[in-house]
Amino acid sequence: MGLTALSAKDPKTSKDNNGSDLKSEIKSYILHHLEDSHDFNLMSYTDKISGKKVYIGMPLPVILWDNGIKIFSSTKLNHGKTVVQSGDNYYKLYHGKVYQTDAKGTINFDEKNHPINYKPLDFSITKNVVSILFTALIMFLLFKGLADSYKKNGMIAKGLGRFFEPLVLYIRDEIAIPNIGEKHHKRFMSYLLTLFFFIWFLNLLGLTPLGINVTGNIAITFALALITFIITNLSGKKTYWKHIFWMPGVPIPMKIILAPIELLGVIIKPFSLMIRLYANISAGHIVLMSLISLMFIFRNWLGSSLSFALAFSISIIEILVALLQAYIFTVLSALYFGFAVEEHDDHNHH
Amino acid sequence: MEKLINEFSFGLFFWQLLIFIFLVLLLKKFAWKPILDTVNERESSIKDAMSEADKARNEMAAIQESNQKVLKEARAEREALLKDARNTGAEILAQAKTDAKTEANKIISQAQEAIQNEKRAAVNELKNQVAQISLEIAEKVIDTELANKDKQAQLVDKLLKDSSL
Chain A
1 MGLTALSAKD PKTSKDNNGS DLKSEIKSYI LHHLEDSHDF NLMSYTDKIS GKKVYIGMPL
61 PVILWDNGIK IFSSTKLNHG KTVVQSGDNY YKLYHGKVYQ TDAKGTINFD EKNHPINYKP
121 LDFSITKNVV SILFTALIMF LLFKGLADSY KKNGMIAKGL GRFFEPLVLY IRDEIAIPNI
181 GEKHHKRFMS YLLTLFFFIW FLNLLGLTPL GINVTGNIAI TFALALITFI ITNLSGKKTY
241 WKHIFWMPGV PIPMKIILAP IELLGVIIKP FSLMIRLYAN ISAGHIVLMS LISLMFIFRN
301 WLGSSLSFAL AFSISIIEIL VALLQAYIFT VLSALYFGFA VEEHDDHNHH
Chain B
1001 MEKLINEFSF GLFFWQLLIF IFLVLLLKKF AWKPILDTVN ERESSIKDAM SEADKARNEM
1061 AAIQESNQKV LKEARAEREA LLKDARNTGA EILAQAKTDA KTEANKIISQ AQEAIQNEKR
1121 AAVNELKNQV AQISLEIAEK VIDTELANKD KQAQLVDKLL KDSSL
């Protein structure tokens, strides 16, 4: 679980340096890991003879929108060490972001040490995009296989998909129907099922030694929460809007006070979805990597094996968290859809 | 919060949104819809089969019950028929007996009547014969006895005595 990759990745040169250097290096390494990257690196080490850093992995296409599309390979960025010329413009990678620079690659900073160079729109196929595409492909093959096995095998699942059929049924019977209701749940099934498996698979992928952190990225969780938000409000029925703007069953002054609160709730609900998934997965990665890093800080049998045991148990917990967070996101989305499509008659029953 | 906004990558957001929506639509067409349809179909077919089996069981019980009823009815009918037949037989016997009795009585009375008639005829004939004989005797007596008056009277007396009827 991330062990082989990290041990290989961990800078060996820090042997000669003092401990605080190693710690700050680990910290920056962890933070770097949490971020997206323009190339798919599996590991890196510093060559002892030449003293250069060697990266092992695959390059990915960098796509920029800067008054026209600029496409070049991520090898040209060379981890921020070289300036790339594309057309008339020069680009440089700085802290994971591509900036437009002059031919020398100068980056100017403001007083808070933030770059003030122009940042072109970056549509690069990054490591996370590749991971998403990979997950999408796996999901498509897996569930198409399940659907096809029904046809071939007379309504009984066969093969790998068989393992996922109970989960599909669980989402329908325990998440969609209880929260949305028998009548409307069918409309949301495709989204809920895709959502659940997408988050789960990506969470699990994040636990592999590939060093991927997709669901711990705010852009990803924002996109997912945004879709839930849009679907919720597009399918909102009269009762839903009435509960927001003119809460029934309370005196009129209360109605006026409740309206802005409820309106705020409309945004807070998906916002909490976004933050919850992001924070849980990021925290999991940080804790796990910190524990693994401890082995290299201790450098003795007792401490290292202790941190190994800790890292191992946290890994197991993280596997559970991967499923749990996917479940929570799906359940809460279903719950919000349920609020939206709730009919007036249903209101008195609960 | 600032870090979050700083970390936000529009490109990644764009790709995520695009790929995810595309994935939802693709899976909906090729996976979720067929899977859920099949599962629904399977569930309803199981439900149907269950209710069908239940119905068949009920039908079976009903058939058995009706069989039992029919059997009972048949038995009752047989009993009734037998009883009826017995009754009819007895009746016929009784009827025959009475019929025979009346017939016999009729025959007897007819026979008696015939006997009576015969008797009457015989008596009449006898009377006629007696009258004939009497006439013959009277002729003879007249013939023979006309001469002798006493003897005549004697003879008449004697004849009358003899022919007391």
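Line by line, the protein sequences are chains A and B.
Each residue of the first sequence is one higher than the last, beginning at 1 in my numbering.
Each residue of the second sequence is one higher than the last, beginning at 1001 in my numbering.
Glycine included, C-beta positions come from ideal geometry on N, C-alpha and C.
Can you find a CB in chain B that lies within less than 9 Å of the CB of residue i?
i      : result
A:S28  : no
A:K158 : no
A:N217 : yes
A:T75  : no
A:R172 : yes
A:S86  : no
Helix or strand or just coil, what does DSSP make of residue i?
i       : result
A:N113  : coil
A:I212  : coil
B:W1015 : helix
A:P251  : coil
A:N41   : strand
A:V98   : strand
A:F337  : helix
A:F164  : coil
A:T46   : strand
A:D122  : strand
A:K70   : strand
A:V321  : helix
A:M58   : strand
B:K1140 : helix
A:W246  : coil
A:S305  : helix
A:N89   : strand
A:K53   : strand
Would a C-beta distance cut-off of 9 Å place residue i and residue j closer than the cut-off?
i       : j       : result
B:S1009 : A:N217  : yes
A:I212  : A:L202  : yes
A:M274  : A:L224  : yes
A:V84   : A:K97   : no
A:Y55   : A:N41   : yes
A:V168  : B:W1015 : no
A:S190  : B:V1024 : yes
B:L1012 : A:R172  : no
A:L160  : A:L142  : yes
A:Y327  : A:I175  : yes
A:Y94   : A:L64   : no
A:F188  : A:M139  : no
A:I281  : A:T215  : yes
A:W200  : A:L323  : yes
A:P115  : A:I125  : no
B:F1022 : A:A311  : no
A:G181  : A:E35   : no
A:G360  : A:N179  : Outside the shown range of chain A, which is 1 to 350, sits residue 360 of chain A, and nothing can be said about it.
A:G26   : A:S313  : A small correction: the amino acid at residue 26 of chain A is Ile; Gly does not occupy that position in the sequence shown. Against a cut-off of 9 Å, the Cβ pair of A:S313 and A:I26 comes out as no contact.
B:L1027 : A:K144  : yes
A:I132  : A:I220  : yes
A:T330  : B:F1020 : no
If I measure Cβ to Cβ from residue i and keep anything under 6 Å in the same chain, skipping five residues before and after, which residues do I get?
i      : result
A:R299 : none
A:S74  : H38, D39, P59, L60 and V62
A:A340 : T232, S235, G236 and Y240
A:W301 : none
A:F222 : M274
A:E262 : I244
A:D10  : Reliability fails at A:D10, whose pLDDT of 42 lies under 50, so the model's placement of it is uncertain and the value that follows must be treated cautiously. These residues qualify, in order along the chain: F296.
A:S7   : In this predicted model, A:S7 has a pLDDT of only 40, less than 50, meaning its place in the structure is not dependable; the value taken from the coordinates is given anyway. Cβ within range, chain order: n/a, list empty.
A:V250 : none
Checking contacts by CB at 9 Å: is residue i closer than that to chain A?
i       : result
B:K1028 : yes
B:S1044 : no
B:E1007 : yes
B:E1052 : no
B:K1047 : no
B:Q1016 : yes
B:E1073 : no
B:V1024 : yes
B:I1019 : yes
B:A1031 : yes
B:E1041 : yes
Beta carbon of residue i: closer than 8 Å to some heavy atom of the ligand ZN?
i      : result
A:G161 : The ligand ZN is absent from the structure shown, which contains no ligands of any kind.
Among the residues of its own chain, which have a CB less than 7 Å from the CB of residue i, if the five just before and after it don't count?
i       : result
B:N1058 : none
A:E318  : L207, G284 and L288
A:L146  : A157, G161, F164 and E165
A:S304  : M295 and F298
For residue i, which residues in the same chain have their Cβ closer than 8 Å to its Cβ, ignoring the five residues on either side in sequence?
i       : result
A:A424  : Here chain A covers residues 1 to 350 and nothing more, so residue 424 of chain A does not appear.
B:L1160 : none
Would you mind listing the beta strand (DSSP E) stretches within the segment 1083–1135 of chain B that are 3+ residues and don't spill past its ends, in chain order? Counting only runs of 3 or more, we get nothing.
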